[in-house]
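For reference, the structure is listed below as structure tokens.
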Amino acid sequence: MSQMPQVKTWMTLGRISNLPTVWTNTLAATLLASSAGALTPPSSLVWVLLLVTLSLLYLAGMLLNDLLDADWDEQHHNPRPITLGLVSRQQVRLASVLLLALAAASALLLSQLIDQPHWLLGSVVLLVGCIFGYNLLHKKHVHSVWLMGACRSALYLTAAASLAIPPGPIWLCAALLGVYISGLTYLARQEHRNQLISRLPVLLMLSPLALALYADTLWFWPVLALWLGWLGWHYRLHLADPQKRQVRAFIGAGLAALPLFDALVMAVADQPLGSLFCVLVFFLLPHFQRWIKPT
11 MSQMPQVKTW MTLGRISNLP TVWTNTLAAT LLASSAGALT PPSSLVWVLL
61 LVTLSLLYLA GMLLNDLLDA DWDEQHHNPR PITLGLVSRQ QVRLASVLLL
111 ALAAASALLL SQLIDQPHWL LGSVVLLVGC IFGYNLLHKK HVHSVWLMGA
161 CRSALYLTAA ASLAIPPGPI WLCAALLGVY ISGLTYLARQ EHRNQLISRL
211 PVLLMLSPLA LALYADTLWF WPVLALWLGW LGWHYRLHLA DPQKRQVRAF
261 IGAGLAALPL FDALVMAVAD QPLGSLFCVL VFFLLPHFQR WIKPT
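Structure (structure tokens):
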């Protein structure tokens, strides 16, 4: 196998087109914690280690998902890299262990550079527990989707804990993000059947609207309009008409909208440059998704 197809195989396993959403989550949570606590943002080294730790944990979680779902994927003819024979289970298992080991080393090094390491290490343990819990249970229990939401919530808490004990606004934003992801994951459970059993998951995805209660900057409202317009357009395009339903396409659009949630958070935190950066990432993600499938 040539080098480029092999690289793309691993990128597909890691759903790497979603990786920038981990970075915008990290940026938003950290800047919100800095703003809410009147704290200096992290140093460059802390930033790097934080991004490395969370990126490695995300990639490990994605590889574990394919590894633990391999039998199900074969039974349902889901064309993932393992079932297509592009990579072996043993290779994915070893890569998962390596990613987790590197993430642990990065987190331990990061803990040596901050004032309150216990909160950071505790949130990392919580995140790892949610990753394993979801991957072990999601094919068995329908409501395990809340563990997927908890993964993103724990990511927010971990990023904030790189500065100090996560302040109140972080917990709220982490909860709203977790509800959004849980709704999206409910939809993903029916992705292989292309069905929309209930519209409750779509309603859960409207949780970020609660941020409007705390908005006192002008920049917040155009970002909110962009987010609502994006989801509304894709709902009409991919979910509203049963004859034209494409659940997978709507899920991709929902994942692409994640940086807009972070843009809303940073608008609330009065961080216009950070918010603008997240909007730019949002515009780039759909192009990346055309190369590497997000689900």
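Start counting the sequence shown at 11; every next residue gets the next number (the numbering used here).
Note that beta-carbon positions come from the ideal geometry of N, C-alpha and C, so glycine has one too.
This structure is a prediction, so every number in the text was calculated from the model and none was measured.
- By the Cβ criterion, the stretch 116-126 is in contact with the stretch 57-75, since at least three pairs of Cβ atoms, one from each stretch, lie closer than 8 Å.
- Restricting attention to 262, 291, 52, the CA atom closest to the CA of residue 270 is found in 291.
- About 7 Å separates the Cβ atoms of residue 41 and residue 51, confirming a contact at the 8 Å cut-off.
- Restricting attention to 260, 105, 129, the CA atom closest to the CA of residue 201 is found in 260.
- Look at residue 26 here: in three-state DSSP terms it is helix.
- Distance check between residue 163 and each of 141, 153, 148, 150 places 141 closest, using alpha-carbon atoms only.
- For residue 145, the uninterrupted alpha helix (DSSP H) segment begins and ends at 127-147.
- With a cut-off of 8 Å on Cβ pairs, the stretch 138-153 is in contact with the stretch 66-81, counting three or more such pairs.
- Non-local C-beta neighbours of residue 19 in its own chain, meaning closer than 7 Å and more than five positions away in sequence, comprise 91, 96, 97, ordered along the chain.
- Here the alpha carbons of residue 123 and residue 114 stand approximately 15 Å from one another.
- For residue 302, same chain residues with a beta-carbon under 8 Å away, outside a window of 5 residues either side, are 18, 21, 22, 25, 26, 27 in chain order.
- Measuring C-alpha to C-alpha distances from residue 258 to each of 195, 222, 171 identifies 195 as the nearest.
- For the options 295, 299, 47, 16, the alpha carbon positioned closest to that of residue 170 is the one of 47.
- Residue range 155-171 is occupied by the alpha helix (DSSP H) that includes residue 168.
- Inclusion of residue 80 and residue 99 in the CB contact set at 8 Å is warranted, their separation being smaller than that value.
- The alpha carbon of residue 304 has as its nearest neighbour, out of 277, 263, 203, 272, the alpha carbon of 263.
- Between residue 278 and residue 224, the beta carbon gap of about 5 Å places them in contact (Cβ cut-off 8 Å).
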